[in-house]
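Asker:
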Amino acid sequence: MTHDHSYVEDFASGENVLPPRAWLDDDSGRVSLTGDWSFRLSPTVADAPDDLKDPDTSGWDTIAVPGHWQLSGYGAPAYTNVVYPFPLEPPYVPTDNPTGDYVRTVAVPADFAGARIVLRFEGVDSRFAVYVNGEWVGWSSGSRLASEFDVTELVAPGKEARIAVRVHQWSTGSYVEDQDMWWLSGIFREVTLLALRPDAPTDVFVKAAWDHIDGAGTLLVESDVPGTVSIPELGLELPTGEHTRVEGVQPWSAEVPRLYDAVLRTAGGEVRLRIGFRTVAIVDGIFTVNGNRVLFNGVNRHEFHPDRGRSVTEQDMLDDVLIMKRAGINAVRTSHYPPHPYFLSLCDEYGLYVIDECDLETHGFGYEPQPPKLPNPVMDERFRDDLVNRMRRTVHRDKNHPSIVIWSLGNECGMGDNLKAMYDLVKELDPSRPVHYERDTEAEWVDIYSRMYTSPEGCAEIGADPGLYRNLPFILCEYGHAMGNGPGGLLDYREVFEKYPRCQGGFIWEFIDHGLRTTIDGREVYAYGGDFGETIHDGNFVCDGLLFPDRTPSPGMLEYIKVIEPLRIVADGNQVSITNRYEVLDTSHLRFTLRTEAEGEVIGEGGLPVPVIAPGETVSVELPPGIDKQRADGRPETWLTVTAELAEATPWADAGHRIAWGQIRLDESVAADVTVSGSPAVGTAGVHGISVAGVQNARLDVWRAPIDNDAIPGVADAWREEGLHRVQHRIVSQGENDGAWEVVTRTAPPQLQWGLRATWRWTAVDGAVVLQLSVVPEGLFPEVLPRLGITFELPKVQRVEWFGTGPNEAYVDTRAAAAVGKYIATVADLQTPYVRPQENGHRIDTRWAQLDGLRIEAVDQLFGLTVRDWTSAALENAKHAAELVAGDTTYVTLDLAQTGVGTAACGPALPDRDKLKTAPAAITLRFTS
């Protein structure tokens with residue numbers, strides 16, 4: 029027979045695919061087909077040989093399943109955010125359509141006899157056809173959705189069976205899978221051969237609720253085969269199909285993920301169930317779980333690993349869940365497809381609320397019909413059956429997970445009747461959960477009103493007006509775009525979420541950078557769009573996560589952890605005020621500690637007795653008498669840190685894990701005396717800058733290597749138009765003046781008529797040199813500067829010690845996680861390895877810093893500290909962190925101020941509050957060497 033490839037460009041979901049059903053932990057016979065398969069890649073569909081009936085694989089390669097062929101040496105990954113890498117002419121796809129053939133032999137167990145034998149695929153990208161023992165079985169689409177085929181008549185228990193799978197990189201299904209990620213192909217999730225016994229349950233729907241008023245649960249277990257459900261812990265046995273009231277159960281929530289182990293038994297088999305009693309409801313415009321308002325401290329999570337792409341292991345999934353729980357994250361949106369089912373089981377077990385999203389995005393079509401009147405697939409009736417079926421497959425597979433509290437129809441598809449049909453289907457299959465879809469901008473047929481990247485002010489407007497959008501609960505399904513250095517301004521959102529009950533939090537975009545580990549020019553790097561030779565790509569927009577690709581936290585992650593921490597610890601006169609922001613937990617699982625430091629030196633520590641605080645309550649706690657004495661001593665820079673930590677280990681963290689913290693300054697800050705009396709310092713001033721007191725080539729610095737939030741929205745381009753990237757420095761005058769060596773400089777760009785006139789007064793005082801710097805803008809100067817600071821050079825620095833904020837970088841709008849203290853680091857440790865190099869490593873509000881033999885002290889105004897082993901120009905020009913190589917010189921910048929980082933790469937513009945407005949400025953510093 030000749031292989032018919034017409035299915036590649038078919039609008040349907042598949043052929044001969046079994047109806048969708050729940051993912052079950054049952055006693056069905058199973059054979060895992062994970063491992064090595066024979067593999068052959070053809071450049072096009074037409075080039076794929078017509079030999080799958082009896083393929084000779086002796087000359088084929090071997091490939092691991094699950095996996096992506098582009099990450100196994102065949103072809104190359106490609107990244108786009110919005111644009112499709114092929115013409116928009118559905119159902120047609122490019123002739124250049126790489127096609128991979130997978131073949132392996134499996135021994136069918138003899139005890140499969142008498143069972144219905146099913147071949148199950150958890151995920152194949154993008155469309156695939158199946159042969160078993162040379163016979164055509166069928167085909168399926170929906171890359172992140174399960175597909176099952178009945179192969180009972182094609183295999184013989186006790187004998188071997190040959191399975192052949194033909195996978196196509198592009199198909200009609202690709203038009204609805206434009207999900208801001210790497211285009212990666214192949215069998216990337218598990219394949220299993222199952223034996224479904226007669227009279228064994230194959231589809232089960234657990235409907236467990238909890239009444240927060242009377243404290244009782246209700247349970248209904250529906251099964252396609254009748255049986256009995258046993259819950260030993262509750263001493264309960266009940267038949268399937270019977271609605272039962274259950275007294276004395278504990279409810280499931282993200283904070284207390286109480287599960288009851290149960291077994292469904294029928295004449296033909298057993299299914300192990302993990303039942304969580306919980307009720308989702310929308311009451312007076314508020315989304316609730318078990319009667320409690322939920323505040324989503326969430327993240328968007330793509331499945332990703334830097335070596336395996338979307339083929340993630342159980343350990344990868346557990347790592348993600350543990351990272352989230354330890355961070356205080358309580359919710360995850362499965363952007364933009366259903367995750368591996370094991371991940372959802374982990375969310376059930378460890379406690380995470382889930383928005384489960386259908387495998388659907390059509391962003392590249394735009395939200396309105398494009399010329400020549402080409403409709404988005406959600407408006408195109410030819411796609412309707414497939415889209416509705418994708419939603420059906422999502423709901424059926426995942427319906428038994430208590431962690432799933434909201435269904436989502438998909439992402440960024442505009443509006444169309446096909447989405448309404450999907451919504452209607454969900455309400456028919458599972459009316460217990462609300463439905464989300466962000467592009468329903470007028471809330472026509474959703475249960476949750478959702479937006480992306482709305483400013484805090486815009487969120488507040490929605491929260492304040494119940495007449496808007498049917499008074500539905502409001503969430504930000506994406507916000508706080510975590511691309512490069514950022515996100516900034518998260519505290520502004522938190523304040524809105526706490527002020528307006530209807531504003532119920534959101535989901536940071538996104539959890540992890542999608543940098544693929546590879547080698548370029550002999551250096552290991554994390555690759556992004558364009559690094560594999562793609563001509564159509566969206567650059568490093570694929571690297572916008574709170575975690576770096578190796579799952580280490582970025583400074584943005586540390587900031588988010590602090591902003592969402594479940595306790596608020598602040599000063600209250602001579603007491604400390606502690607607010608419990610948990611949803612259901614009191615504070616009995618926590619212990620509180622105190623630590624007092626004066627100028628970075630520990631002068632006291634111990635425990636703090638705190639009464640148990642109920643959710644939503646605030647208490648003020650008396651500080652121990654010793655704290656009053658420390659306060660009375662009046663030592664400068666005396667800081668009290670109050671920490672809440674786990675008293676005992678939990679499944680997700682050890683005892684002692686920090687849950688929340690707050691700092692209180694005990695002394696009163698005193699205005700510094702900036703009177704300087706001494707003799708003129710000895711130095712030189714020339715074409716490269718000012719050299720004095722061990723400082724080499726000091727000059728004004730107004731430029732930073734653009735962060736993504738500068739570059740993408742055009743802010744950096746506007747700065748370049750103002751000449752800020754190429755200022756020149758002129759010595760106006762130098763000489764002794766009023767007891768100081770005074771140097772006047774003018775920093776200005778070529779061609780333009782503005783500049784910064786700086787007066788540098790250097791005075792030798794008691795073995796040190798004091799700099800009094802004043803800066804005055806002249807002419808038609810720009811409104812905003814990236815930074816205003818002093819940059820200079822030192823011989824290679826080995827060790828940096830500083831007293832100020834730390835330990836990680838902090839900017840004016842990302843300083844919540846910065847604690848005042850004394851820190852030590854190498855210069856390398858001070859760098860943040862953003863996948864695309866950019867401004868990083870700034871420590872705001874530094875009091876003093878010791879760089880090997882040079883000490884720098886703030887006399888009046890605090891300074892921002894940045895120390896690097898390369899110039900800002902090198903940082904700006906590098907495409908990957910590995911290109912930055914340390915030399916014999918260290919470059920130091922002491923900022924008077926710097927513009928904030930924000931989230932404008934994909935979000936609101938930086939607020940004026942966080943911009944560095946050009947204005948006269950001054951600072952006094954002491955240098956001792």
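Using the working numbering, the first residue of the sequence shown is number 29, and each one after it goes up by one.
The beta-carbon is built from N, C-alpha and C at its ideal position, and this holds for glycine as well.
Note that the structure is a prediction, hence the values are computed from the model and not measured.
To the nearest angstrom, report how far apart G751 and T775 are at their CA atoms.
Answerer: Taking the straight line joining both Cα atoms gives about 11 Å.
Asker: Identify whether L500 lies in helix, strand or coil by the three-state DSSP scheme.
Answerer: Note: L500 maps to coil in three-state DSSP.
Asker: Excluding the five sequence neighbours on either side, which residues of its own chain have a C-beta within less than 6 Å of the C-beta of E275, listed in chain order?
Answerer: A244, listed in sequence order.
Asker: In angstroms with no decimal places, state the Cα-to-Cα distance between Y203 and G128.
Answerer: Distance between the alpha carbons of Y203 and G128 is about 20 Å.
Asker: Mind listing, in chain order, the continuous alpha helix (DSSP H) runs of no fewer than 4 residues lying wholly within the segment 565 to 595?
Answerer: The segment 565 to 595 contains these whole alpha helix (DSSP H) runs: 583 to 592.
Asker: Start and end of the alpha helix (DSSP H) containing G486?
Answerer: 484 to 492 is the span of the alpha helix (DSSP H), which, as asked, contains G486.
Asker: Since P577 contacts I540 with CB under 8 Å, what's their CB separation in whole angstroms?
Answerer: At roughly 7 Å, the Cβ-Cβ gap stays under 8 Å, so P577 and I540 are in contact.
Asker: What are the complete beta strand (DSSP E) segments, minimum 3 residues, inside the segment 423 to 464?
Answerer: 432 to 436, all fully within the segment 423 to 464.
Asker: Pick helix, strand or coil for S34, following the three-state DSSP scheme.
Answerer: Helix, per DSSP.
Asker: Sorted by chain position, which residues of the same chain lie with C-beta nearer than 7 Å to V313's C-beta, five sequence neighbours on each side aside?
Answerer: Note on identity: in this sequence residue 313 is Gly, with Val being the wrong assignment. Result list for G313: P494, N499, L500, P501, R530, in chain order.
Asker: Measuring alpha carbon to alpha carbon, tell me which residue in F560, M511, D745 is nearest D572.
Answerer: That would be M511, whose Cα lies nearest to the Cα of D572.
Asker: Please go through the segment 510 to 540 and give each complete beta strand (DSSP E) segment of 3 or more residues, from N-terminal end onward.
Answerer: Correct list: 531 to 536.
Asker: By the three-class DSSP mapping on this structure, what secondary structure does G57 have?
Answerer: G57 falls in the strand class under three-state DSSP.
Asker: Could you check where the beta strand (DSSP E) with V349 kicks off and where it finishes?
Answerer: V349 -> not in any beta strand (DSSP E); alpha helix (DSSP H) instead, spanning 342 to 355.
Asker: Let me check understanding here. Comparing Cα to Cα, which of P594, V913, A847 lies closest to Q859?
Answerer: Taking only the C-alpha atoms, the option nearest Q859 is V913.
Asker: Which of the three DSSP states, helix, strand or coil, is assigned to N320?
Answerer: Residue state, collapsed to three classes: strand.
Asker: Which term fits M29, buried or exposed, when burial requires 16 or more other beta carbons within 10 angstroms of its beta carbon?
Answerer: In this predicted model, M29 has a pLDDT of only 37, less than 50, meaning its place in the structure is not dependable; the value taken from the coordinates is given anyway. M29 is exposed by the Cβ-count criterion.
Asker: Would you check whether the ligand MN has a heavy atom nearer than 7 Å to the C-beta of Q724?
Answerer: Of ligands this structure carries none, so the ligand MN is not represented either.
Asker: In angstroms, rounded to a whole number, what distance separates the CA positions of A135 and T90?
Answerer: Using only the alpha carbons, I get a separation of about 19 Å.
Asker: For L694, count the other beta carbons within 10 Å of its own beta carbon; 16 or more makes it buried, fewer makes it exposed. Which is it?
Answerer: It counts as buried.
Asker: The beta strand (DSSP E) with A236 in it runs from where to where?
Answerer: Where A236 is concerned, the enclosing beta strand (DSSP E) stretches over 232 to 238.
Asker: What residue from Q691, V771, G935, V755 has the CA that sits closest to R843's CA?
Answerer: Nearest option by C-alpha distance: Q691.
Asker: Do S41 and D414 have their C-beta atoms closer together than 8 Å?
Answerer: For S41 and D414, yes; Cβs fall inside 8 Å.
Asker: Answer with buried or exposed for F39, where buried requires no fewer than 16 other C-beta atoms within 10 angstroms of its C-beta.
Answerer: When all chains shown are included, F39 counts as buried.
Asker: Cutting at 7 Å between CB atoms, please list the residues of its own chain near V454, excluding the five before and the five after it.
Answerer: So the qualifying residues of the chain are M419, V423, W435, V463.
Asker: Please classify E676 as buried or exposed, where buried requires at least 16 other C-beta atoms within 10 Å of its C-beta.
Answerer: That one is exposed.
Asker: With respect to the alpha helix (DSSP H) encompassing A228, which residues constitute its N-terminal and C-terminal limits?
Answerer: Element bounds for A228: n/a, residue is neither H nor E.
Asker: Alpha carbon to alpha carbon, how far is A683 from D475?
Answerer: Cα-Cα distance, rounded: 40 Å.
Asker: Comparing C-alpha positions only, which one of N608, Y528, P397 sits nearest to M443?
Answerer: Of N608, Y528, P397, the residue nearest in Cα terms is P397.
Asker: What's the C-alpha gap between N358 and E593?
Answerer: The alpha-carbon atoms of N358 and E593 are separated by roughly 11 Å.
Asker: Determine the burial state of P948: buried for a count of at least 16 other Cβ atoms within 10 Å of its Cβ, exposed for fewer.
Answerer: The residue is exposed, with fewer than 16 neighbouring Cβ atoms inside 10 Å.
Asker: Count the other CB atoms within 10 Å of the CB of N905; is the residue buried (16 or more) or exposed (fewer)?
Answerer: Classification for N905: exposed.
Asker: According to DSSP, simplified to helix, strand and coil, what is P823?
Answerer: Three-state DSSP puts P823 in a strand.
Asker: Does the pairing of the segment 236 to 253 with the segment 75 to 90 give three or more beta-carbon distances under 8 Å?
Answerer: The answer is no - the segment 75 to 90 does not touch the segment 236 to 253, with fewer than three Cβ pairs under 8 Å.
Asker: Taking its Cβ as the centre, do 16 or more other Cβ atoms sit within 10 Å of N868, making it buried, or is it exposed?
Answerer: It is buried - the Cβ of N868 has at least 16 other Cβ atoms within 10 Å.
Asker: Tell me whether H271 is buried or exposed, calling it buried when 16 or more other Cβ atoms sit within 10 Å of its Cβ.
Answerer: Per the 10 Å Cβ criterion, exposed.
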